[in-house]
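Here the structure is laid out as structure tokens; the discussion comes afterwards.
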Amino acid sequence: MDYETRLLEEKQEGKEEATIAGLKKLIAALRDFGGTNQQILHRLEIDYGDQFTKKELENFMKRA
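Going by the working numbering, the letters in the sequence shown line up with residues 673 to 736, in that order.
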């Protein structure tokens, strides 16, 4: 693996970590405003459904 490929992979990993951190903040904010788990999951599917499966989103909700 060359240096440039490794840099691109690290950049992608950093983006995913940032996305997950943002996702967890969104979950916390929606809970603070009284969102139900069903409402929150629906919102996550709209915003992040192209990046994560429904099961992954449910797991983020459990951990957030």
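Even for Gly, the Cβ is constructed at its ideal location relative to N, Cα and C.
Please read all numbers here as calculations on a predicted model, not as lab measurements.
Ranked by Cα distance from Asp719, the first of Lys683, Leu695, Leu702 is Leu695.
Inter-residue distance for Glu730 and Glu682 is about 26 Å (C-alpha atoms, whole angstroms). Burial state of Phe724 is buried, judged by a 10 Å Cβ sphere holding 16 or more other Cβ atoms. For Gln710, the enclosing alpha helix (DSSP H) begins and ends at 709-720.
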